[in-house]
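*Asks:* Numbering (the numbering used here), first residue to last: 104 to 309. Cβ atoms here follow ideal geometry from the backbone N, Cα and C, with glycine treated the same way.
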Amino acid sequence: MKFDRAMLVWAIIGFLLGSVVTAGGMVLMRQTRPVPIEIRVPEATPPPLPTATPGVWRVYVSGQVSRPGVYELSPGAIAQEAIDAAGGFTGQADTRLVNLAQSLSDGVQIYVPAVGEELVVPPVVEAAPAEGSPAGAATGSDGKVNINTAGVAELDTLPGIGPATAQSILDYRDANGPFAAIEDIMNVSGIGPAKFEQIKDLITVE
């Protein structure tokens, strides 16, 4: 009888242990079961629209400045900014004749005279408008091209004057100042008496 009881007790203990192990295994399996992962794809956002590039003014600075040329300035610029962009005045510049606070506009020309130089045109010359020709414009009311204010495009319209010769006229003007008379244009390399005869009735210095 003692043997049977002992066997029964051990059998019960074994059954209980087996049940505990089985139940624990089932709980562990439930806890470790992989949980499905929800993947959300973010909505595509449209690229930002390009912002407008602010406009610039192009100003031609010539005469007694360190680096004559065309410079891009912000709208609302004044003469001082254009002179600074061109490297400032040279030692021969007559600074009294240039109003550094003068407001500019797109396409103007600033000419800095030398000390003692007699000005034919004002230091700041407005660009020629598409229609009409106020004082200082590249083309006068009589249709003549002002060789003191015209750019390459206007000079190129003259017979026998191509882009290269037009640039030579601008370079001469930068180095020597405005033309005092239309005959002075023959001082420019590439323009002789024959070519002058072709253009003399089409140009002016006023």
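1. State the DSSP-derived secondary structure class of L258, mapped to helix, strand or coil.
2. Going along the chain, which residues of its own chain have a beta-carbon closer than 7 Å to the beta-carbon of P178, five neighbours each way excluded?
3. Hey, out of T260, D277, G263, whose CA is closest to N251's CA?
4. Where do the N-terminal and C-terminal ends of the beta strand (DSSP E) with S165 fall, by residue?
5. Helix, strand or coil for T268 per DSSP?
6. Can you check DSSP and say which residues form a bridge with F192?
7. Just to check my reading of the structure: E220 and G280 have Cβ atoms closer than 8 Å, yes? What is that Cβ distance to the nearest angstrom?
8. Excluding sequence positions up to five away, which residues of its chain have a Cβ less than 7 Å from the Cβ of S206?
9. Skipping 5 residues on each side, what residues in its chain have a beta carbon closer than 8 Å to that of Q167?
*Replies:* According to the structure shown:
1. In the sequence shown, counting from the first residue as 1, residue 258 sits at position 155. Residue state, collapsed to three classes: helix.
2. Within the sequence shown, numbered from 1, the residue matching residue 178 stands at position 75. Counting only Cβ-Cβ distances below 7 Å, and skipping sequence neighbours, we find G158, W160.
3. Along the sequence shown, one-based indexing puts residue 251 at 148. When each option's Cα is compared against that of N251, the closest is D277.
4. The sequence position of residue 165 within the sequence shown is 62, counting from 1. Per DSSP, the unbroken beta strand (DSSP E) holding S165 starts and ends at 160–166.
5. Along the sequence shown, one-based indexing puts residue 268 at 165. If DSSP states are grouped into helix, strand and coil, T268 belongs with the helices.
6. Locating residue 192 in the sequence shown gives position 89, counting from the first residue. Paired residues: V168.
7. In the sequence shown, the residue the question calls residue 220 occupies position 117. In the sequence shown, the residue the question calls residue 280 occupies position 177. About 6 Å separates the beta carbons of E220 and G280, which is inside the 8 Å limit, making them a contact pair.
8. Your numbering for residue 206 matches position 103 in the sequence shown. Counting only Cβ-Cβ distances below 7 Å, and skipping sequence neighbours, we find I181.
9. As a first step, residue 167 must be located in the sequence shown, where it is residue number 64. Residues of the same chain with a CB within less than 8 Å of the CB of Q167, apart from the 5 flanking positions on each side, are F192, T193, Q195, A196, D197, V215, P216, A217 in chain order.
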